[in-house]
Amino acid sequence: MSEKILMKGNEAIGEAAVVAGCRHYFGYPITPQSELIEYMAKRLPQVDGVFLQAESEVAAINMVYGAASAGCRVMTSSSSPGISLKQEGISYIAGSQLPCVIVNVQRGGPGLGSIQPGQADYFQATKGGGHGDYRNIVLAPNSVQEMADITIEAFDLADKWRNAVMILGDGALGQMMEPVEFKESSSKPVEKSWAATGRRGRAKPNIVNSLYLQPDLMEKHNHVLQEKYAKIQAEETRWEALNTEDAEVIVVAYGITSRIAMTAINKARANGVKVGLFRPISLWPFPSQPLAELAKTAKAFVVFEMSAGQMVEDVRLAVNGAKPVSFHGRTGGMLPTPKELYEKIISVANGEGGK
Amino acid sequence: MSEKILMKGNEAIGEAAVVAGCRHYFGYPITPQSELIEYMAKRLPQVDGVFLQAESEVAAINMVYGAASAGCRVMTSSSSPGISLKQEGISYIAGSQLPCVIVNVQRGGPGLGSIQPGQADYFQATKGGGHGDYRNIVLAPNSVQEMADITIEAFDLADKWRNAVMILGDGALGQMMEPVEFKESSSKPVEKSWAATGRRGRAKPNIVNSLYLQPDLMEKHNHVLQEKYAKIQAEETRWEALNTEDAEVIVVAYGITSRIAMTAINKARANGVKVGLFRPISLWPFPSQPLAELAKTAKAFVVFEMSAGQMVEDVRLAVNGAKPVSFHGRTGGMLPTPKELYEKIISVANGEGGK
Amino acid sequence: MPKPVFNEERCKGCELCTIVCPKKIIVMANHFNSKGYRPSSCSDESQCIGCALCAKTCPDVAIEIWK
Amino acid sequence: MPKPVFNEERCKGCELCTIVCPKKIIVMANHFNSKGYRPSSCSDESQCIGCALCAKTCPDVAIEIWK
Amino acid sequence: MAERTFGRPEALLDVPTHYCPGCHHGIIHRLVAEVIDELKVIDRTIGVASVGCSALAYDYFNVDMVQAPHGRAPAVATGVKRVHPDGVVFTYQGDGDIAAIGTAEIVHAAARGERITTIFVNNAIYGMTGGQMAPTSLVNQVTTTSPYGRKQDSAGMPIRLSEMLATLDGAKYLARVAVNNPANMAKAKAAIKKAFEIQIAGLGFSMVEVLSTCPTNWGMSAIESGTWMEKNMMPYYPLGTFRSGEEVAK
Amino acid sequence: MAERTFGRPEALLDVPTHYCPGCHHGIIHRLVAEVIDELKVIDRTIGVASVGCSALAYDYFNVDMVQAPHGRAPAVATGVKRVHPDGVVFTYQGDGDIAAIGTAEIVHAAARGERITTIFVNNAIYGMTGGQMAPTSLVNQVTTTSPYGRKQDSAGMPIRLSEMLATLDGAKYLARVAVNNPANMAKAKAAIKKAFEIQIAGLGFSMVEVLSTCPTNWGMSAIESGTWMEKNMMPYYPLGTFRSGEEVAK
Amino acid sequence: MNQEMIFAGFGGQGVMLMGQILAYAGMMEGQQVSWFPAYGPEMRGGTANCSVIIGDEAVGTPIVTEPQVVVAMNLPSLDKFEPHLAAGGILLINSSLIERPAKRSDVKALLVPCNDIAKELGNPKVANMVMVGAIVAASGVVKIESVLQVLAKKIFKNKPEVMQLNEQAIRRGMACIS
Amino acid sequence: MNQEMIFAGFGGQGVMLMGQILAYAGMMEGQQVSWFPAYGPEMRGGTANCSVIIGDEAVGTPIVTEPQVVVAMNLPSLDKFEPHLAAGGILLINSSLIERPAKRSDVKALLVPCNDIAKELGNPKVANMVMVGAIVAASGVVKIESVLQVLAKKIFKNKPEVMQLNEQAIRRGMACIS
Ligand SMILES: Cc1ncc(C[n+]2csc(CCOP(=O)(O)OP(=O)(O)O)c2C)c(N)n1
Ligand SMILES: Cc1ncc(C[n+]2csc(CCOP(=O)(O)OP(=O)(O)O)c2C)c(N)n1
Ligand code: SF4
Ligand code: SF4
Ligand code: SF4
Ligand code: SF4
Ligand code: SF4
Ligand code: SF4
Ligand SMILES: [Mg+2]
Ligand SMILES: [Mg+2]
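Residue numbers (this note's numbering), protein chains in the order written: chain A, 45 to 399; chain B, 45 to 399; chain C, 20 to 86; chain D, 20 to 86; chain E, 41 to 290; chain F, 41 to 290; chain G, 254 to 431; chain H, 254 to 431.
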């Protein structure tokens, strides 16, 4: 199992889910995530799992809702428009505190958009595209290996917190092949005493529900959720900082963009610019604290996204006016080139292009 | 027509839409907005309009998509879970630049939640609950009269900018009755040369579309959208500031919460506290500029919401660290009492409860 | 001897039981229960044949039949 | 005299027209068009009866019939 | 000694319901509970409540329950059943829930032959939200969203869901019943039992459509509602069996 | 002098399509365009493209077009038609679009008797996304999401949408045709014309299901695809008329 | 100053309308008014109630939590809202259906046999109008003329007989408050 | 240093597999590798292509915009990618299907008659393997042994005859590069 194999990011997520003990997958095809649903169609029957192609993304997320209610490890995946359709279901999953893993292999939007890679669903994923106060844990890998590792972690986090975990990838990560290794994993499904399994001798029925007609009870329920979210923020924030110790310019980027940024950063370093990379891995909880720390030493921040500017708001909130934060984005399925990022870094290092 | 009548907020929106020349409504029942769909069911046939109860919120938003494509003034309405279901359609509407009015009479969430008033769909409305980089104009009335006035304005803005306008109300505003007056209005449907009406002698077909398979074209399209959004930000930001000139504490609140806040502010003023109200009326574009101005004179900000803290992020972004911003929220359908808001104001005035 | 036993607090006064009783012995009481409904009651238990039609009709399972 | 006129650049070489021609006079050319497809062509126009079956079958409207 | 000859089934919790006086939802609950008792499956039954007046059904049934989003109960039940193939999984849905917003989910659960049982309570109206038109509302029926009566020209004819699903191979048992009198109640219960049995035998999807009343939103007494149903609903929604489960045997 | 006896209809723009070699989408496009020409409604026709290989249909038809979200074309068309009741509105949808994600929308457009015409291209697969199983994929058909063949036990039998919609009163004309040979093409065109006529006469909803090929994802040549369709699809999806429009006359 | 009131009772007792009439009357007098219903499933089975605010100040929250006037048309409503009444407030009890006396001693409790009077007047439906009269008399929040005007112009327009009966009921209700 | 390459051709020509084989071989040599396909409707009708990066540095963007190697299996691919080739880069042209010569003079253009050789070998399907051999010979990005190992262990496992034919094709392709 621990040999390196060349795999697409989409497939790596699929295999990692199987390693994590996920035996239930419900999904609907959409480019550029289809290799994932196809992988599950092939793989799950081999391990006596359940693969079901739903009639729609709405049905898929509700099958996930049902399967998670019933106590198993379960996953669904889609891409941008399909994830929009899942928003009601995701809000219900939050309300009922159901553990599950949701993969968004983002493409260019809005609307039918393009099927090329995008990062413009950041707001939807992190702030809540559905209604009500809730949070998904959102993890953003930047390599095929990390897609595998993070998927396994996602199942553990989901069960640990009774919360949805969203893996926010994009078309580039989903489609590209890189070497990946599946190490032995201790991750495995856990007992869920709250699940709707049939009473099976239990005295009281288990109920999975998000309805509280009495607003005071609903508020109490919201407090439970908010306390959980606060704990998740305290315990589960993840990020990577490269060359930031002495950096005057901090590049903030996640996912595929962070890799393109790294190429640009290396070139800038080679040319004597003190620049480092801060890469949020958990987009929610967002690593605000470490960024605020960096704001004490760095002179400026620049955020790179494949969007018109979304994560940059969280960076600004973290930096809170202490230092200038500038932004450079590409949209619609265009990947930035290392060259343009390099140029932006240089201009920021020269004190241009402030806010 | 210009006599005062006692009306529910939901009904006032309906009548105002008729005044604005809206003759097409597509919706699906949900508490606490049902009076609006019911009003349209009764009213539109009287003016030879089209009322259609869709089979779902998904169908409703797509009927709106079709009707807007066809060139008319059109409205839909729902409440939180129903709005979540509309997210894909809303993203398409943004992508195709279609003018329409979408009403969200918010309730407590997440999930099925409660049907009592809420303000926890702020993120969804303002940051984009759908996929991709897009913005709806989001207007938040705080009285039945304003619900009527803003509705008329919403249709004008929608046509002016070829953009969706969301009216963000809540169960309290929707259900309450207050006096309302419908003045003569000059608002009326406009010619739309881009609409799919049938060619009717036109040489070239009109196409309504959000698909751009070539990422460079998709990016170009996104630039068009972003430029439009920048203009809307420059021209259409709306807010109300009451007693803010000399205020040391600025309360920021919108919708029904702003009224409860006003009661609390009056009491605090009576007790010698220099406090004022800043009420965003357009939640997007958010009135960041005037807030930033106030940050120069005020000592502290406090944000009141019926949520676990959503608009507060935009306030923090606007204030950008210049002054402390604190928050007090109620969730799940609970309305804050003037008393608790008063106490929070006092504690902020006393320099407590910082960040 | 069969007889219907009414859970007055559960009764919502819908009167459905009154029309199915073959003996027509179910009538609405003159008082209110704590929810404000007039509960049903049996006017003459001795006539009851224990057919349970009343009980089976009650949407609130407010009637039991005992013998 | 009827005859089929081929728009070679539109042809995708699917060969569907070849099987419907009652005269079996449509064959695939030996060269490629600029998209890389081998377009269809008529081996003997004189035999064409102008039935237009080839044209009606072509998914790419790459054939017109003239007389 | 006194003996109880009729009382509350074990599968129905001894709590007051929120249903309006005379609403048939309560009767239908009891019948489902009696069937669960008789089949001795209380320990492995998992119910899926929908959105509608029966949203709170999870408070009433003495079995594990999941509350599903509006219209999605069949998808939720599919998720549950695929995790617990030995479970007895039922959905309980109103006509708005199943025949409007949930059309795709019920059609596909039926088409897949999903081994679940659906109790479909057709009261020709949206009860929970205050009496709006349902896809099942009758022509000319006045509701809050058809204040001038449902117009066929604009809203079409009411959907007969059972008949529609009968075209799908995976739907192994489909029946329409009513609980407006004791005789019909007995037939209703038999149908519900058969539907559960079809599921337990692993044959495929089963559904019982129960014609029901909504005194509150119909604006009548409970007794009048029964009469209205007989006179107006039954002619358009004939009681009967649309797929009998017999087709399955062969 | 030379005269063109057969060529491109006016309603079809003279541009290359993105369809794969031999894909029937192109033929079906042409037939629809010919009908628009013959009915002389090019000036008031509004087409609604769906999501599937025909998403770009708006680039090909010489009429106003709206591109609809996946599955929602009937709802979008409803919106269009209710604004332009004198318009001739058609949707063009694949089997995944119409029979999976768009089930609710097509059922309700049909139930309402919406005065639109749907061209439903059934190729038993998701073409656009690379060959996944559709609700219409045949039992044992190997697709990328049914790599071991579609299993009836888990995925159910393929949905026959036309037969299902035939249970709805608002569906006034429903026919299944094919374009795999000239004779069938002629019938297909007649059906499409009839469907448009039913709409123009204001009688209600009309739909033509066209059996189609997907050489690319079926993994065969265009010619083999025709044969495969005849041998495998036609027995399960019989050609014919399920509602003839005659019921309407009475 | 604003008067904050809660009207509560059973679904069919017309408490929502009572509140609307008062709010309308206030509006016609040029006062600031608001009316807010308890809505949704709350209504079903339990008590129906609405909040009404009338006075000269802009209305903040339309939901009344500490009413100065509570109108209880049935027992569950009395049980539910009596505790929230402001000290010194007015408690109007429909004594036809409510047998128990007020528990609070720091409020002004007034008994109005609404259903009995309505029965006397020959139409049980006007019980709520009896109470409307009593509220006006007890609270003085609006003038009786305004109430009658609302009824005549808005509610019973073109139905003079009905109007007359309702006016009678209102006057009987007023008479209960001495 | 990383080598950045683009492989392009018609849908059926196996260009995706060519890229994967090279990437796999690189991986087996312990190099950093990535493979990225042009995906979706792009593939249909037009050219299919993939980007491959092999080298000793961590891979940033997997999408190659300025390739050092371009492999054109048909004319549209040559038209599309020749202009993007880095100066001094290698341009491999399937001369069986492409008649025109290279337009660029600042690159090293190499002609490989893939289809002709494949035909000679008796199986037109191995045209892509001919090109694989040529790429390895021309670029040296991976060792030929690695390629053969990938084929033997991953692609044609348990099919020694097929393996043999493919190895032949590869060696013929290598021989084209002098
Ligand atoms: C997504 C969504 N849309 C709408 C609603 C509002 N809603 C709640 S119940 C209901 C209709 C219920 O009617 P039905 O299914 O017939 O059940 P009944 O109450 O009549 O038993 C609606 C529209 C909702 N909760 N969620
Ligand atoms: C909401 C959403 N889900 C999924 C997709 C991806 N998608 C695009 S086309 C398609 C299926 C198309 O199949 P079909 O309707 O049969 O048309 P065909 O391509 O076969 O003509 C899917 C699933 C999408 N674009 N949007
Ligand atoms: S058991 Fe039968 S006879 Fe006895 S009260 Fe009930 S219905 Fe009447
Ligand atoms: S049927 Fe039940 S609830 Fe109705 S009146 Fe009789 S006992 Fe009471
Ligand atoms: S017109 Fe008829 S005979 Fe002539 S080439 Fe075409 S198919 Fe053959
Ligand atoms: S049918 Fe058309 S595309 Fe196909 S080979 Fe013939 S001419 Fe070419
Ligand atoms: S509203 Fe209608 S369906 Fe709902 S509980 Fe009341 S009577 Fe029953
Ligand atoms: S993928 Fe299939 S359906 Fe789509 S264009 Fe190609 S052959 Fe036609
Ligand atoms: Mg109903
Ligand atoms: Mg298809």
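Even glycine gets a Cβ: it sits at the ideal position worked out from N, Cα and C. Just so we're clear, the structure is a prediction, and the values are computed from it rather than from any experiment.
| request: Using a Cβ-Cβ cut-off of 9 Å, state whether Asp126(F) counts as contacting chain E. | output: As a position in the sixth sequence, residue 126(F) is number 86, starting the count at 1. Output row for Asp126(F): interface = no.
| request: Within its chain, find whatever has a CB closer than 7 Å to the CB of Cys30(D); leave out the 5 residues flanking it on each side and keep chain order. | output: On the fourth sequence, position 11 is the one that residue 30(D) refers to. These residues qualify, in order along the chain: Asn52, Tyr56, Pro58, Ser59, Asp79 and Ala81.
| Taking the alpha carbon of Ala208(B) as the point to measure from, which residue in Val224(B), Val149(B), Tyr273(B) and Ser230(B) has its own alpha carbon closest? | By 1-based counting over the second sequence, the position of residue 208(B) is 164. If we check each option's Cα against that of Ala208(B), Tyr273(B) comes out closest.
| task | Measure the alpha-carbon distance for Ile84(C) versus Leu96(E) and round it to whole angstroms. | result | Residue numbering aside, residue 84(C) sits at position 65 when the third sequence is read from its first letter. Residue numbering aside, residue 96(E) sits at position 56 when the fifth sequence is read from its first letter. Rounded to the nearest angstrom, the two C-alpha atoms are 27 Å apart.
| query | Residues of chain E with a CB under 7 Å from the CB of Arg152(F): which are they? | reply | Indexing the sixth sequence from 1 puts residue 152(F) at position 112. Those are Ala195 and Gly196, listed as they occur along chain E.
| So does the stretch 229 to 236 of chain F actually touch the stretch 117 to 125 of chain F, counting three or more Cβ pairs closer than 8 Å? | no
| said: Using only the alpha-carbon positions, how far apart do Gly47(E) and Glu74(E) sit? | reply: For this step, residue 47(E) is matched to residue 7 along the fifth sequence. For this step, residue 74(E) is matched to residue 34 along the fifth sequence. One C-alpha to the other measures close to 10 Å.
| request: Rank Arg216(F), Leu79(F) and Glu50(F) by C-alpha distance to the C-alpha of Ala247(B) and give the top, closest one. | output: Within the second sequence, numbered from 1, the residue matching residue 247(B) stands at position 203. Answer by Cα proximity: Glu50(F).
| request: Determine the direct distance from the alpha carbon of Ala278(G) to that of Phe245(E), and round the result to whole angstroms. | output: Here the question's residue 245(E) lines up with position 205 in the fifth sequence. Here the question's residue 278(G) lines up with position 25 in the seventh sequence. Looking at the two C-alpha atoms, the distance is approximately 59 Å.
| Using the C-alpha atoms, what's the distance from Gln160(A) back to Gln141(B)? | The residue you call residue 141(B) lines up with position 97 of the second sequence. The residue you call residue 160(A) lines up with position 116 of the first sequence. Each residue's Cα considered, the two are about 21 Å apart.
| request: Give the C-beta separation of Phe345(B) and Val363(B) to the nearest angstrom, bearing in mind that I take them to be a contact with Cβ-Cβ under 8 Å. | output: The sequence position of residue 345(B) within the second sequence is 301, counting from 1. The sequence position of residue 363(B) within the second sequence is 319, counting from 1. Sure, about 6 Å apart at Cβ, within 8 Å.
| said: Considering only heavy atoms of ligand 4, does any lie closer than 8 Å to the CB of Phe46(E)? | reply: Here residue 46(E) corresponds to residue number 6 of the fifth sequence, with the count starting at 1. Every heavy atom of ligand 4 is 8 Å or more from the Cβ of Phe46(E), so no.
| query | Would you say Ala192(B) and Ile181(B) are within 9 Å of each other, going by their C-beta atoms? | reply | Residue mapping note: residue 192(B) aligns to position 148 of the second sequence, counting from 1. Residue mapping note: residue 181(B) aligns to position 137 of the second sequence, counting from 1. Not in contact: Ala192(B) and Ile181(B) (Cβ atoms no closer than 9 Å).
| Between His175(A) and chain E, is there a C-beta pair that is closer than 9 Å? | As a position in the first sequence, residue 175(A) is number 131, starting the count at 1. Answer no: the Cβ-Cβ gap between His175(A) and chain E never drops below 9 Å.
| field | Element boundaries [alpha helix (DSSP H), containing Asn54(B)] | value | One-based indexing of the second sequence puts residue 54(B) at position 10. Gly53 to Val63 is the span of the alpha helix (DSSP H), which, as asked, contains Asn54(B).
| Whether Ala112(A) touches Leu269(A) by CB criterion (9 Å) | On the first sequence, residue 112(A) is found 68 positions in, with the first residue counted as 1. On the first sequence, residue 269(A) is found 225 positions in, with the first residue counted as 1. Contact flag unset, no.
| request: Pull up the distance between the alpha-carbon of Trp268(E) and that of Leu129(A), whole angstroms please. | output: Within the fifth sequence, the letter at position 228 stands for residue 268(E). Within the first sequence, the letter at position 85 stands for residue 129(A). Approximately 39 Å between the Cα atoms of the pair.
| field | chain B contact residues for Ile127(A), given Cβ-Cβ distances below 8 Å | value | Counted from its first residue, the first sequence places residue 127(A) at position 83. In chain order: His175.
| request: Please report how far the alpha carbon of Ile309(B) lies from the alpha carbon of Ser391(B), in whole angstroms. | output: Position 265 of the second sequence holds residue 309(B). Position 347 of the second sequence holds residue 391(B). Spanning the two alpha carbons is a distance of roughly 13 Å.
| request: Report the rounded CA-to-CA distance for Gly65(A) versus Arg244(A), giving the unit in angstroms. | output: Locating residue 65(A) in the first sequence gives position 21, where the first residue counts as 1. Locating residue 244(A) in the first sequence gives position 200, where the first residue counts as 1. Distance between the alpha carbons of Gly65(A) and Arg244(A): 23 Å.
| said: Following a CB-centred definition, is Tyr56(D) positioned closer than 8 Å to any heavy atom of ligand 8? | reply: Position 37 of the fourth sequence holds residue 56(D). Outside the cutoff, so no.
| task | Drop a sphere of 10 angstroms on the beta-carbon of Gln354(A), count the other beta-carbons inside from all chains shown, and report buried for 16 or more, exposed for fewer. | result | As a first step, residue 354(A) must be located in the first sequence, where it is residue number 310. Buried: at least 16 other Cβ atoms inside 10 Å.
| task | With a threshold of 8 Å, establish whether the CB of Ser90(F) neighbours any heavy atom of ligand 2. | result | Numbered from its first residue, the sixth sequence carries residue 90(F) at position 50. Correct: Ser90(F) has its Cβ closer than 8 Å to ligand 2.
| Span of the beta strand (DSSP E) holding His372(A)? | In the first sequence, counting from the first residue as 1, residue 372(A) sits at position 328. Here the beta strand (DSSP E) through His372(A) covers Val369 to Gly373.
| First and last residue of the uninterrupted beta strand (DSSP E) at Thr184(E) | As a position in the fifth sequence, residue 184(E) is number 144, starting the count at 1. It is not in any beta strand (DSSP E) - Thr184(E) carries neither H nor E in the DSSP assignment.
| request: Could you work out which residues of chain F lie near Tyr136(B), taking near to mean beta carbons separated by less than 7 Å? | output: On the second sequence, position 92 is the one that residue 136(B) refers to. The answer, in chain order, is Pro109.
| Closest Cα partner of His372(B) within the set Leu361(B), Ala366(B) and Glu384(B) | Residue numbering aside, residue 372(B) sits at position 328 when the second sequence is read from its first letter. Among Leu361(B), Ala366(B) and Glu384(B), the Cα nearest to that of His372(B) belongs to Glu384(B).
| message | Can you pull the chain F neighbours of Thr143(E), defined as C-beta to C-beta under 8 Å? | response | Your numbering for residue 143(E) matches position 103 in the fifth sequence. Thr143, Ala144, Val147 and His148, listed in chain order.
| said: I'd like to check one pair, Ile159(F) with Thr176(F): are the Cβ atoms closer than 9 Å? | reply: In the sixth sequence, counting from the first residue as 1, residue 176(F) sits at position 136. In the sixth sequence, counting from the first residue as 1, residue 159(F) sits at position 119. Not in contact: Thr176(F) and Ile159(F) (Cβ atoms no closer than 9 Å).
| Which chain J residues sit within Cβ distance under 7 Å of Gly55(D)? | This model lacks chain J altogether, as its protein chains are A, B, C, D, E, F, G and H.
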